[in-house]
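Written below as structure tokens is the structure these notes are about.
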Amino acid sequence: MGNSCLSVSHFPDIERLLGQLVNKKSGSSTLIALCGAGGKTSTLYWLARHFARWGMRVLVTTTTRMYLPSRDQYDTLVIGHHLGDVHAGHQGETTGELADNTPTARPGITAYFTAREGEKVCGPAPAALGRLKGLGRFDLILVEADGARGRLFKLPALHEPCIPLASDWVIALTGAACIDAPAGPDHIHRWERVQALCGLAEGQPLTLSLLDGLLDHPEGIFKGAPPDAGRIWFINGHYQNERGWESELTHLLERHPELHAIWLGAVREPVAIRYSASHVADSLREGWPPSER
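Position 279 of the sequence shown, counted from 1, bears residue number 279 in the UniProt record's numbering, the numbering being contiguous throughout.
Shown next, in the form of structure tokens:
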């Protein structure tokens, strides 16, 4: 991680916080994958809205399945086997082709899926998103790379998650309401995996100390994250008594140099991030939000 120190912020500046995640080089794309449980989809579109307001070209998709977004969550919706010429004057739902001649997108949010299955949509394979990133047609690609069936916490099965190897960042979510609460299958997806790794009996609390041991476990919270990708643990849905966890989270980050940051907040609230602890390195990007294109 290079030369770094620990930085703790209460109610951090969101533009500066999120600006660290994106590549400012002309023609370069940033790929961010979201995994875990407790608000991935809400976080995906929260991020998309922020970056789109900065005039960026944002693609949202999934490597698994997710619910079809509502009309207010995108500017352009693409459903088909490929992504193609959807930015040459067309708005709305269309199909196209993913190829080297895929046009440069317009600023805004493009939601791209390969097929629709009832209320849900499927996305492209992780390798296809790596190729799309290489084309540089979008400034940012946001990928929901995991499923949790609406639960607050999960540990992945053998085939999960589906994180693209080209990911620059992996944001792993945990629903705040499950922490220190009695554990069980009602709010934990892949309950058998949690029992196997943690030895946790139903009804015992899922504590921060237990989660500490899962942050760097090869089968844990960041399973499948590329070695070079930045890692952010986002405890989502907590916005009233979060101060009680701050000291423990700061010490936890000190024990995990592989993590870039820990966020605590609730993306459905007006103030989405209320606490951030991060390893601040010399290479962090400055000067955000970007100037108008």
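Just so you know, even glycine gets a beta-carbon here, dropped at the ideal spot from N, CA and C.
Between the CA atoms of residue j and residue i - distance to the nearest angstrom
{"i": "Gln-73", "j": "Arg-53", "result": "13 Å"}
{"i": "Ser-278", "j": "Val-194", "result": "27 Å"}
{"i": "Thr-58", "j": "Pro-227", "result": "Thr is not the amino acid found at residue 58; the sequence shown has Val there. Using only the alpha carbons, I get a separation of about 24 Å."}
{"i": "Gly-118", "j": "Pro-69", "result": "12 Å"}
{"i": "Arg-149", "j": "Pro-12", "result": "31 Å"}
{"i": "Arg-137", "j": "Gly-19", "result": "19 Å"}
{"i": "Cys-122", "j": "Ala-145", "result": "11 Å"}
{"i": "Ala-196", "j": "Arg-65", "result": "26 Å"}
{"i": "Pro-185", "j": "Glu-269", "result": "27 Å"}
{"i": "Leu-17", "j": "Val-280", "result": "11 Å"}
{"i": "Gly-80", "j": "Leu-132", "result": "15 Å"}
{"i": "Lys-120", "j": "Ile-141", "result": "20 Å"}
{"i": "Lys-40", "j": "Asn-23", "result": "22 Å"}
{"i": "Ala-115", "j": "Phe-51", "result": "26 Å"}
{"i": "Val-78", "j": "Leu-214", "result": "37 Å"}
{"i": "Asp-212", "j": "Pro-218", "result": "13 Å"}
{"i": "Glu-202", "j": "Glu-192", "result": "10 Å"}
{"i": "His-238", "j": "Ser-42", "result": "14 Å"}
{"i": "Thr-63", "j": "Gly-244", "result": "36 Å"}
{"i": "Arg-71", "j": "Leu-21", "result": "26 Å"}
Residue i (DSSP reduced to helix, strand or coil)
{"i": "Thr-174", "result": "strand"}
{"i": "Trp-191", "result": "helix"}
{"i": "Ser-7", "result": "strand"}
{"i": "Gln-91", "result": "Here the model assigns Gln-91 a pLDDT of 41, short of 50, so the residue's position is not dependable and the matter cannot be decided."}
{"i": "Ser-209", "result": "helix"}
{"i": "Gly-19", "result": "helix"}
{"i": "Pro-126", "result": "helix"}
{"i": "Cys-198", "result": "helix"}
{"i": "Ser-70", "result": "coil"}
{"i": "Arg-274", "result": "strand"}
{"i": "Leu-142", "result": "strand"}
{"i": "Thr-64", "result": "coil"}
{"i": "Thr-114", "result": "coil"}
{"i": "Gly-108", "result": "strand"}
{"i": "Ala-52", "result": "helix"}
{"i": "Leu-31", "result": "strand"}
{"i": "Arg-255", "result": "coil"}
{"i": "Leu-165", "result": "coil"}
{"i": "Arg-131", "result": "helix"}
{"i": "Ile-221", "result": "coil"}
{"i": "Leu-77", "result": "strand"}
{"i": "Gly-244", "result": "helix"}
{"i": "Leu-214", "result": "helix"}
8 Å contact criterion, which residue i and residue j should meet: CB distance rounded
{"i": "Leu-210", "j": "Cys-178", "result": "Not really, about 11 Å apart at Cβ, beyond 8 Å."}
{"i": "Leu-129", "j": "Ala-166", "result": "7 Å"}
{"i": "Arg-190", "j": "Pro-156", "result": "7 Å"}
{"i": "Ser-247", "j": "Ser-9", "result": "Incorrect: roughly 15 Å between the Cβ atoms, too far for contact."}
{"i": "Glu-254", "j": "Leu-6", "result": "6 Å"}
{"i": "Ala-176", "j": "Leu-200", "result": "With a Cβ gap of about 18 Å, Ala-176 and Leu-200 do not count as contacting."}
Cβ neighbour criterion (16 or more within 10 Å) applied to residue i
{"i": "Ser-291", "result": "With a pLDDT of only 45 at Ser-291, under 50, the local geometry of the prediction cannot be trusted, and no value is derived from it."}
{"i": "Pro-257", "result": "exposed"}
{"i": "Ser-29", "result": "buried"}
{"i": "His-187", "result": "buried"}
{"i": "Val-267", "result": "buried"}
{"i": "Val-143", "result": "buried"}
{"i": "Gly-127", "result": "Checking the sequence shown, residue 127 turns out to be Ala, not Gly. By the 10 Å Cβ count, Ala-127 comes out exposed."}
{"i": "His-159", "result": "exposed"}
{"i": "Tyr-112", "result": "buried"}
{"i": "Gly-134", "result": "exposed"}
Proximity below 8 Å, CB of residue i to CB of residue j
{"i": "Glu-38", "j": "Phe-153", "result": "Rather than Glu, the amino acid found at residue 38 in this sequence is Gly. Yes, these two residues count as a Cβ contact at 8 Å."}
{"i": "Leu-44", "j": "Leu-31", "result": "no"}
{"i": "Leu-249", "j": "Ile-262", "result": "yes"}
{"i": "Pro-164", "j": "Thr-61", "result": "no"}
{"i": "Asp-139", "j": "Thr-110", "result": "no"}
{"i": "Ile-235", "j": "Ile-14", "result": "no"}
{"i": "residue 372", "j": "Val-271", "result": "In the structure displayed, the chain extends from 1 to 293; residue 372 sits before or after that span and is not available."}
{"i": "Leu-208", "j": "Leu-252", "result": "yes"}
{"i": "Pro-107", "j": "Gly-55", "result": "yes"}
{"i": "Leu-173", "j": "Gly-36", "result": "yes"}
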